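What follows is a set of notes on a single structure, which appears directly below.
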Amino acid sequence: MSKKILAINSGSSSIKFKLYLMPEEKLLISGSAENLGSSTSQLSYKTEKTGETRQLPLKNHSEAIDHIIDVLMTSGVVKDKSEIYGVGHRISHGGSYYKHAVAVTPEVEKRIDELRVLSPLHNPNGLAGIKAFEKFLPDAKEVVTFDNSFHHTIPKKAYMYALPYEFYEKYQIRRYGFHAPSHQYVSEKARELFGKEKTRRMITCHLGNGSSVSAILDGKSVNSSMGFTPLAGVVMGTRCGDIDPEIIPFLEEELNIDSHEMRRIMNEDSGLKGLSGISNDEREIESAAKNGNERAQLALDVFVHSIQQYIGAYTTDLDGLDTLVFTAGIGEHAAYIRSQICKNLDYLGIKIDEEKNKQNALSIEAPDSKVKVAVIPTNEEIIIARDVMNVTQQQ
């Protein structure tokens, strides 16, 4: 029997949503609430027949969800709230507690709240979304998809940090990896499109405001750039990525700030935003760089270099490379960034066709490239919807 499943993807200041008819995976409506808490907040949606953008004063995630449910009703895809069988939520950090999607329980909510210190930009908002839907759709089954679940196959030699072992035993300090639904989706899509043999050794680059790189061997994650938290790895929109850990106590002492302020700086004031002094938006930085802004160009160069380093390292992990995938906002649309990343990877057999690259084509490798280079739009929400079906069928 077909069921209507709502997939919710809560960010730090946004909520993406898609309603599917499952298991057919038919998309009924998709949309997003953007810039929550600001004067430019808005809600947009699109169905097969119609679409709309509403300028709304959305103070927080709870208010946005109230309007999202209103959109579901007024658009005609849902006539009664009881039609929504289940709601799936993407939660950033599940720690070592959860290797798979789980049904929402008071204990799960408690764990998500406890782990907010490890994902301060996302876990609190994800939990707010869960609680809001408990209020607005009390009869729907709620399921959580964790952002690190796909990476539970990473081997111990790759996820351990060289700290005293008791820190791992007592506090579970290790590499977790994030953006799991995205890396899972595009790696599965690549295998479907190009065949298992051509995608045995694959590197997937999720490049957006948050960015991460993963090594996928025979469909399983064996390494990923984000670490104990989503702060580690490549340079991001507002996050610093990998830095010398000694910088942290040095700045705390020099600036006379506590760990909370230092954490805020690394998460909210760093990355492309901190380097460029302009914005965390790659498009704005690229435009400034073209107009001669040296700091903007530096920010892009550092961003590209950090990604190249991981591609090189993960090719070693995979003992070679068959397919390189770009996805997410920057990965799917920023031809300049893809070109710059691939420019110095000739030694790996990577060559791209610049015309195909400019068109954001599915395959952008040159005819003589030894490595398939693909641009695959991500779909984290379908992974979430599938998880809802799998979890509720097991109950």
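Residues are numbered in the working numbering as their position in the sequence shown, beginning at 1, plus a constant of 143. Using N, Cα and C, we set each Cβ at its ideal position, and we do this for glycine too. As the structure is a prediction and not an experimental result, all values here were calculated from the model.
Buried versus exposed call for residue i [16 or more other C-beta atoms within 10 Å across all chains shown]
i      : result
Met144 : exposed
Gly414 : buried
Ser235 : buried
Phe310 : exposed
Leu215 : buried
Ser326 : In the sequence under discussion, the amino acid at residue 326 is His, which differs from the Ser named in the question. Answer is buried; the Cβ neighbour count reaches 16.
Asp465 : buried
Ile495 : buried
Val230 : buried
Gly320 : buried
Lys161 : buried
Lys169 : exposed
Tyr188 : buried
Asp223 : exposed
His265 : buried
Tyr314 : exposed
Thr521 : buried
Asp290 : buried
Lys416 : buried
Val260 : exposed
Arg233 : buried
Lys433 : exposed
Glu498 : exposed
Between the CA atoms of residue j and residue i - distance to the nearest angstrom
i      : j      : result
Arg529 : Pro324 : 11 Å
Glu331 : Ala358 : 13 Å
Asp412 : Ser262 : 16 Å
Lys339 : Val514 : 14 Å
Lys501 : Gly474 : 12 Å
His243 : Glu523 : 15 Å
Ala478 : Pro307 : 43 Å
Gln198 : Ser184 : 6 Å
Asn423 : Lys192 : 34 Å
Ser364 : Leu441 : 31 Å
Tyr240 : Gly420 : 38 Å
Leu398 : Ile527 : 42 Å
Val531 : Asp489 : 42 Å
Pro166 : Ser367 : 30 Å
Cys383 : Glu395 : 16 Å
Asn487 : Val445 : 14 Å
Ile519 : Ser182 : 33 Å
Glu508 : Cys348 : 15 Å
Thr381 : Asn352 : 7 Å
Arg344 : Asn503 : 23 Å
Ala283 : Ser506 : 40 Å
Ile227 : Ser157 : 22 Å
Lys159 : Arg481 : 25 Å
Opposing strand residues paired with residue i [DSSP bridges]
i      : result
Phe321 : DSSP lists no partner for Phe321.
Glu257 : Beta-bridge pairing links Glu257 to no other residue.
Lys159 : Asn152, Ser175
Met165 : Lys146
Gly231 : Ala150, Val286
Arg426 : Answer is none; Arg426 lacks a bridge partner.
Ser364 : Ile359
is_contact[residue i, chain D] using C-beta, thresh 8 Å
i      : result
Pro324 : The question asks about chain D, but that chain is absent: this structure has only one protein chain.
Three-state secondary structure (DSSP) of residue i
i      : result
His236 : coil
Glu483 : Contrary to the premise, residue 483 reads as Gln rather than Glu in this sequence. If DSSP states are grouped into helix, strand and coil, Gln483 belongs with the helices.
Ser355 : strand
Met532 : helix
Asn250 : Checking the displayed sequence, the identity of residue 250 turns out to be Glu instead of Asn. Helix.
His265 : coil
Phe371 : coil
Ile346 : strand
Glu404 : helix
Gln198 : strand
Ile495 : strand
Lys189 : strand
Leu505 : coil
Leu467 : strand
Lys515 : strand
Leu170 : strand
Val245 : strand
Thr381 : coil
Gly376 : coil
Lys416 : helix
Lys299 : helix
Val445 : helix
Segment contact flag, the region 271-279 with the region 333-344, C-beta cutoff 8 Å, min 3 pairs: no
The region 433-452 / the region 365-379 touching (three or more Cβ pairs under 8 Å): yes
The region 288-305 touching the region 202-209, judged by at least three CB pairs closer than 8 Å: no
Stretch pair the region 398-413 + the region 436-443: three plus CB contacts closer than 8 Å: no
Three or more C-beta pairs below 8 Å linking the region 378-397 and the region 241-260: no
The region 351-365 touching the region 454-472, judged by at least three CB pairs closer than 8 Å: yes
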